[in-house]
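Quick notes on the structure that follows.
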Amino acid sequence: MSLDDAFEPEFEKFTDDEKDWLLTAAKALGIAGPQVGRPHVDTLKASKHQNMKELRYKSDDGSQIWRAAFAFDPNQQAIILCAADKQGVSPDGFYRSLIAKADKRYDSHLKRIRDGRERAGAARKGGAKVQAKSSKRK
């Protein structure tokens, strides 16, 4: 699992404990694999991306209830898009905000992947043209 570029500044503001809780939960998910379900992982059904999931974890003392939105991208790389403590927040408002942020970030992530593939494809095509031109000169 990796952190989305837009999430990294938020993650850096977390306390050391909050960082540890998220990284421990993510590591456990990485070990257990994608078949993990409730209560540790659930689908964010209101997301526009059907592969958007939430990683569910708590603080050591249980006083904070955290959710981290993540998805597996087309390269099968799990990317954590955002995370927040939902303790004391309206569930509807919490999920509306979490999903909106996660969807926007995942859209940007997918665009970066597409743009990278298009650039790589253009470079390959350009390289083939150069090679074809040079072989005609011989």
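In terms of the UniProt record's numbering, the sequence shown has 21 at position 21, counting the first letter as 1, and numbering is strictly consecutive.
Think of the CB as a built atom: it goes at the ideal place given N, C-alpha and C, for glycine as much as any other residue.
Continuous alpha helix (DSSP H) stretch holding residue i: start and end
{"i": "residue 11", "result": "8-13"}
{"i": "residue 23", "result": "16-32"}
Bridge partners - residue i, DSSP secondary structure assignment
{"i": "residue 169", "result": "Nothing about residue 169 can be reported from this structure: the residues present for the chain run from 1 to 138 only."}
{"i": "residue 47", "result": "DSSP, once it has assigned bridges, lists no residue as partnering residue 47."}
{"i": "residue 97", "result": "Its beta-bridge partners do not exist; DSSP assigns none."}
{"i": "residue 113", "result": "DSSP lists no partner for residue 113."}
{"i": "residue 3", "result": "80"}
{"i": "residue 71", "result": "79"}
Identity of the residue in the options nearest residue i by Cα
{"i": "residue 8", "options": "68, 44, 27", "result": "68"}
{"i": "residue 65", "options": "56, 73, 98", "result": "56"}
{"i": "residue 6", "options": "118, 83, 119, 91", "result": "83"}
{"i": "residue 27", "options": "1, 81, 95", "result": "1"}
{"i": "residue 42", "options": "119, 87, 99", "result": "99"}
{"i": "residue 80", "options": "62, 39, 101", "result": "101"}
{"i": "residue 54", "options": "76, 25, 61, 75", "result": "25"}
{"i": "residue 58", "options": "39, 70, 71", "result": "39"}
{"i": "residue 62", "options": "118, 11, 119, 21", "result": "21"}
{"i": "residue 19", "options": "115, 94, 60", "result": "60"}
{"i": "residue 3", "options": "78, 88, 96, 92", "result": "78"}
{"i": "residue 95", "options": "23, 52, 76, 118", "result": "52"}
{"i": "residue 73", "options": "23, 118, 111, 119", "result": "111"}
{"i": "residue 10", "options": "89, 85, 37", "result": "85"}
Residue range of the beta strand (DSSP E) that includes residue i
{"i": "residue 89", "result": "Run containing residue 89: none; DSSP gives neither H nor E here."}
{"i": "residue 42", "result": "41-43"}
Worksheet item: Would you call the stretch 36-48 and the stretch 95-113 touching, i.e. three or more CB-CB distances under 8 Å?
Response: yes
Worksheet item: Would you say the stretch 4-19 touches the stretch 31-43, given that touching needs at least three Cβ pairs under 8 Å?
Response: no
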